[in-house]
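Chemist: I have a structure here, written as structure tokens, and I will follow up with some questions on it.
Protein chains in written order, with the working numbering: chain G, 12 to 127; chain Z, 214 to 328.
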């Protein structure tokens with residue numbers, strides 16, 4: 012069964028600091044990878060996704076993630092965080108050959124707090 | 214906002230009761246998935262419906278069941294509620310054209326408390 016590990020459960024940064032959130036997955040085959048974000052009081056929404064091609068994926072609001080197949084990793088990065096990035100971030104994986112349906116497995120989430 | 218709505222927002226039930234949660238997908242979305250998010254955890258996949266048929270299920274017992282209707286609404290039913298069923302229940306809809314690449318749009322969730 013696929014699983015997702017997020018190493019940092021709670022991160023506190025000052026504005027303008029750089030961000031990197033770790034994500035590792037366990038699945039040996041082809042995977043689709045996602046980062047979702049949940050801002051306070053809002054719905055869970057897609058930040059970025061990787062299916063194939065360039066392993067460096069750019070998402071909304073200046074976020075990017077790099078897929079490193081050999082390390083089973085999909086880390087999220089942002090060069091300079093803002094107070095508005097305060098949110099909970101979830102890494103997720105979808106193994107596409109799960110009988111033709113989209114069974115997405117989520118990590119436990121990382122709460123990011125950005126201090127002005 | 215995602216265009217996906219859920220009702221009710223909050224619900225309190227007692228152990229052994231039955232509950233029905235509702236979701237309204239974006240128009241045109243043929244697929245709806247349900248997730249359970251316990252406190253401090255990530256969402257866990259319960260099942261997925263495509264064109265009114267269940268086509269995938271996670272590690273949840275049969276007392277978790279669902280329905281999807283032609284008008285893009287769906288239900289999650291839970292029988293014989295247990296204390297551990299207390300959680301946020303999320304539905305997510307997608308076009309269903311390609312299960313690999315579809316983006317899921319999440320609703321705000323229903324917070325269920327079982328006493």
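Backbone N, C-alpha and C define an ideal beta-carbon position, used for all residues, glycine too.
Given residue 55 of chain G, which residues of its chain have a CB within under 6 Å of its CB, disregarding the five upstream and five downstream residues?
Modeler: For residue 55 of chain G, where only same-chain residues beyond five positions count, the Cβ hits under 6 Å are 47, 49.
Chemist: Can you say whether residue 259 of chain Z is buried or exposed, counting buried as having 16 or more other CB atoms within 10 angstroms of its CB?
Modeler: The residue in question, residue 259 of chain Z, is buried, as its Cβ has 16 or more Cβ neighbours within 10 Å.
Chemist: Give a yes or no on whether the minimum CB-CB distance between residue 274 of chain Z and chain G is below 8 Å.
Modeler: No, residue 274 of chain Z does not count as interfacial toward chain G.
Chemist: Got a sec: is the Cβ-Cβ distance from residue 22 of chain G to anything in chain Z below 8 Å?
Modeler: So, not an interface residue.
Chemist: Is the distance from the Cβ of residue 231 of chain Z to the Cβ of residue 294 of chain Z below 8 Å?
Modeler: A contact, by the Cβ cut-off of 8 Å.
Chemist: By the DSSP assignment, the beta strand (DSSP E) with residue 85 of chain G in it spans what residues?
Modeler: 84-89 is the span of the beta strand (DSSP E), which, as asked, contains residue 85 of chain G.
Chemist: If you follow the beta strand (DSSP E) that residue 218 of chain Z is in, where does it begin and where does it stop?
Modeler: Taken as a continuous stretch (DSSP letters only), the beta strand (DSSP E) holding residue 218 of chain Z covers 218-220.
Chemist: For residue 68 of chain G, would you say it is in contact with chain Z, using Cβ-to-Cβ distances shorter than 8 Å as the test?
Modeler: So no, residue 68 of chain G is outside the interface.
Chemist: Any idea what DSSP makes of residue 114 of chain G, helix, strand or coil?
Modeler: Coil at residue 114 of chain G, not helix or strand.
Chemist: CB-CB under 6 Å to residue 105 of chain G, same chain, minus the five flanking residues each way: which ones, in chain order?
Modeler: Closer than 6 Å at the Cβ level, and outside the excluded window around residue 105 of chain G, lie 43, 113, 115.
Chemist: Please report the straight-line C-alpha distance between residue 297 of chain Z and residue 227 of chain Z, rounded to a whole angstrom.
Modeler: Taking the straight line joining both Cα atoms gives about 12 Å.
Chemist: Relative to the alpha-carbon of residue 85 of chain G, which residue among G:51, G:64, G:17 has its alpha-carbon at the smallest distance?
Modeler: Considering only alpha carbons, the answer is G:17.
Chemist: Judging by CA-CA distance, which residue of G:73, G:126, G:121 is the nearest neighbour of residue 34 of chain G?
Modeler: The shortest C-alpha separation from residue 34 of chain G is found at G:121.
Chemist: Which of the residues in the region 25-55 of chain G, read from start to end, lie with their CB under 7 Å from any CB of chain Z?
Modeler: Listed by position along the chain: 43, 54, 55.
Chemist: Which of the three DSSP states is assigned to residue 252 of chain Z in this structure?
Modeler: It is coil, neither helix nor strand.
Chemist: On the DSSP bridge assignment, give the partners of residue 360 of chain Z in chain order.
Modeler: No information on residue 360 of chain Z is available, as it lies outside the stretch 214 to 328 that chain Z covers here.
Chemist: For residue 320 of chain Z, decide whether its Cβ has a neighbour in chain G, counting only Cβ atoms nearer than 8 Å.
Modeler: Chain G contact via Cβ: present.
Chemist: Measure from the C-beta of residue 264 of chain Z to each C-beta in chain G and report whether the shortest distance is under 8 Å.
Modeler: Not one chain G Cβ lies under 8 Å of residue 264 of chain Z.
Chemist: Can you grab the Cα-Cα spacing for the pair residue 21 of chain G / residue 123 of chain G, in whole Å?
Modeler: Cα to Cα, the separation comes out at about 6 Å.
Chemist: Verify the CB distance criterion: does residue 113 of chain G have a CB-CB separation below 8 Å to chain Z?
Modeler: So yes, residue 113 of chain G belongs to the interface.
Chemist: If we cut at 8 Å on Cβ distances, does residue 235 of chain Z have a partner in chain G?
Modeler: Output row for residue 235 of chain Z: interface = no.
Chemist: Does any residue of chain G have a CB that is nearer than 8 Å to the CB of residue 268 of chain Z?
Modeler: At least one chain G Cβ lies under 8 Å of residue 268 of chain Z.
Chemist: Using beta carbons (cut-off 8 Å, strictly below), is residue 258 of chain Z in contact with chain G?
Modeler: It does: the Cβ of residue 258 of chain Z has a partner Cβ on chain G nearer than 8 Å.
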